[in-house]
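With mature numbering (1 follows the signal peptide of the UniProt record, and there is no 0) as the guide, the letters of the sequence shown map in order to residues -27 to -1, 1 to 341.
Glycine residues also receive a C-beta, built at the ideal position from the N, C-alpha and C atoms.
Working notes for the structure below.
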Amino acid sequence: MMAVRWGNSATLATMIVLCGLAVPALADVKAGVDAWGNGDFPAAVREWQAAADAGDPDAQFNLAQAYRLGRGVPRDPARAEALFGQAAAKGHLQAADNYGLLLFQRGERQKAMPYIRSAAARGDARAQYIQGLALFNGDGAPKDWVRAYAYLTLAQQAGLPQATSALRQMDQHVPMADRQKSVSVAAQIAQEAEATRARQLAALDLSGPSGNTIGDDGTAPVGKTSRGPALATVERAVSDAERVAATPSRRSAGADFTNTTTSPAKPKPVQSVRPAVSTVQPPSKPAPVPTASGGWRLQLGAFGVAGNADALWSRVKGRPELTGHAKILAPAGKLTKLQAGGFASQADATAACARLRTAGFTCLATRD
């Protein structure tokens, strides 16, 4: 490690003064966060204003949130965007994510996409959703349906509900071979995102203390390691992005070559079954569930850590779609694919996948 050399006493004195000036700014930001948490939004804004003017990125981010939400100040999206941009220029990751989304929402797609791509590379579900749509439509980048499907799959796994309907429409257009390729691509993107996020957050931890920014939902302080806003905020951000995109179906994948829409089938009403009154019989052992056989499988994911495949199976194995179907761990290079085997036909496998996707699981019908 290279030793730090001080040139002279004047330089050292200058550094002490600069460090001393930084302490009040940090205190002002923390005091503002405390006031915000207590519901005193005007006081929070007063604390942050001077620090933001002095160039503190946490203060700029927090003040941007206040203008975005209209708390303590009149709502001003343009002012919020400018402050997010200033904080993003200083390396504030949350500010960069929000700045890209705001640029995208008002139609500055060319300027927004570098921020969207960076956020997607860190695993931000909102950005992965938009990036997936862009790759599907060839909007600002060459069409790449394999990576588009992979990004939408990751957004779905993160809990973004719009991704489920987008994948459902993509299934009508993306060939089976491309969907199969997307499984390993999604796993690779997820691994790279985890590494990128860890590297960037580690760099931030070296720069000073955390915990001085408020969340996108505007309700509580969050540290630098916190990932993303509350779900309601995510849905609102993506809805705004979809409105700007102006696709034929706001909740569709944005296929630019079709105007057909598909309505999900209405679920059958659940009928309650009353137990029949009968004489008590001695309990008998349940009949074993026969193991299904067939050449089609459901691929439920691909994992760099085999234990994660086991964890997913423990969550999904009780689903009725998988009753009697064997768990299969198929090696694929450095990845382990989790599959359920024994489906008699492509139609059976596809139908089971559709039900699993509706329940929030990733699924792909594939041949042995």
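Given residue i, which residues of its chain have a CB within under 7 Å of its CB, disregarding the five upstream and five downstream residues?
{"i": "Ile89", "result": "Gly73, Phe77, Ala100, Ile103, Gln104"}
{"i": "Gln67", "result": "Phe34, Thr186"}
{"i": "Leu295", "result": "Val289, Ala313"}
{"i": "Gly268", "result": "Arg340, Asp341"}
{"i": "Gly58", "result": "Tyr72"}
{"i": "Leu36", "result": "Val18, Trp21, Gln22, Ala25, Leu56"}
{"i": "Ser266", "result": "Gly315"}
{"i": "Gln319", "result": "Trp269, Ala338"}
Residue i by DSSP, collapsed to three states: which one?
{"i": "Gly58", "result": "helix"}
{"i": "Thr335", "result": "coil"}
{"i": "Leu311", "result": "strand"}
{"i": "Ala303", "result": "strand"}
{"i": "Gln129", "result": "helix"}
{"i": "Gly274", "result": "strand"}
{"i": "Arg44", "result": "coil"}
{"i": "Thr323", "result": "helix"}
{"i": "Thr169", "result": "helix"}
{"i": "Arg90", "result": "helix"}
{"i": "Arg79", "result": "coil"}
{"i": "Thr137", "result": "helix"}
{"i": "residue 350", "result": "Only positions -27 to 341 of the chain appear in the structure, and residue 350 is not among them; the question remains open."}
{"i": "Leu(-7)", "result": "Reliability fails at Leu(-7), whose pLDDT of 42 lies under 50, so the model's placement of it is uncertain and the value that follows must be treated cautiously. DSSP places Leu(-7) in helix when its eight states are reduced to three."}
{"i": "Lys63", "result": "coil"}
{"i": "Val119", "result": "helix"}
{"i": "Leu329", "result": "helix"}
{"i": "Gly10", "result": "helix"}
{"i": "Pro15", "result": "helix"}
{"i": "Val147", "result": "coil"}
{"i": "Arg99", "result": "helix"}
Quick one: residues in its chain with C-beta nearer than 6 Å to the C-beta of residue i, no 5 flanking neighbours on either side, listed in chain order?
{"i": "Ala159", "result": "Ala123, Thr126, Leu127"}
{"i": "Ala16", "result": "Ala8"}
{"i": "Ser212", "result": "Its pLDDT being 48, under 50, Ser212 is placed unreliably in this model, and the value from its coordinates should be taken loosely. The answer is none, since no qualifying residue turns up."}
{"i": "Thr169", "result": "Ala94, Arg95"}
{"i": "Val147", "result": "Trp118, Tyr122"}
{"i": "Ala275", "result": "Val156, Ser157, Ala160, Leu308, Lys310"}
{"i": "Ala32", "result": "Val2, Trp21, Ala24, Ala25"}
Between the options, which has its C-alpha nearest residue i's C-alpha?
{"i": "Ser287", "options": "Arg270, Ala313, Asp70", "result": "Ala313"}
{"i": "Gly113", "options": "Gly291, Gly315, Pro293, Arg82", "result": "Arg82"}
{"i": "Gly96", "options": "Phe276, Ala166, Thr339, Ala317", "result": "Ala166"}
{"i": "Pro30", "options": "Ala93, Ala61, Ser157, Phe334", "result": "Ala61"}
{"i": "Gln135", "options": "Leu273, Ala55, Gly333, Glu54", "result": "Gly333"}
{"i": "Pro304", "options": "Asp151, Ala282, Pro293, Gly267", "result": "Ala282"}
{"i": "His298", "options": "Ala317, Gln142, Lys84", "result": "Ala317"}
{"i": "Gln22", "options": "Gly80, Arg292, Ala4, Val119", "result": "Ala4"}
{"i": "Ala131", "options": "Val147, Trp118, Ala163, Gln153", "result": "Ala163"}
{"i": "Gly64", "options": "Gly43, Ala53, Ser91", "result": "Ser91"}
{"i": "Gln173", "options": "Tyr40, Ala69, Thr323, Arg292", "result": "Ala69"}
{"i": "Asp13", "options": "Ala27, Gly28, Ala39, Ala32", "result": "Ala39"}
{"i": "Gly28", "options": "Ala322, Val2, Met143", "result": "Val2"}
{"i": "Thr323", "options": "Phe276, Gly277, Arg270, Thr309", "result": "Arg270"}
{"i": "Asp151", "options": "Met86, Gly10, Phe109", "result": "Phe109"}
Spatial neighbours of residue i within its chain, please: CB distance less than 8 Å, with the 5 preceding and 5 following residues excluded, ordered by chain position.
{"i": "Leu140", "result": "Tyr122, Leu125, Thr126, Gln129, Ala226, Arg330"}
{"i": "Gln153", "result": "Gln272, Leu337, Thr339"}
Around the Cβ of residue i, are there at least 16 other Cβ atoms within 10 angstroms (buried) or fewer (exposed)?
{"i": "Ala98", "result": "buried"}
{"i": "Leu56", "result": "buried"}
{"i": "Ala284", "result": "exposed"}
{"i": "Ala279", "result": "exposed"}
{"i": "Arg48", "result": "exposed"}
{"i": "Leu302", "result": "exposed"}
{"i": "Ala51", "result": "exposed"}
{"i": "Gln145", "result": "exposed"}
{"i": "Gly45", "result": "buried"}
When DSSP builds the beta bridges, which residues end up paired with residue i?
{"i": "Thr296", "result": "Answer is none; Thr296 lacks a bridge partner."}
{"i": "Phe109", "result": "Paired residue(s): none; Phe109 is not in a bridge."}
{"i": "residue 358", "result": "This structure cannot speak to residue 358, because the chain is shown only from -27 to 341."}
At the 7 Å Cβ level, is residue i part of the contact set with chain B, yes or no?
{"i": "Ala305", "result": "No chain B is present in this structure, which holds just one protein chain."}
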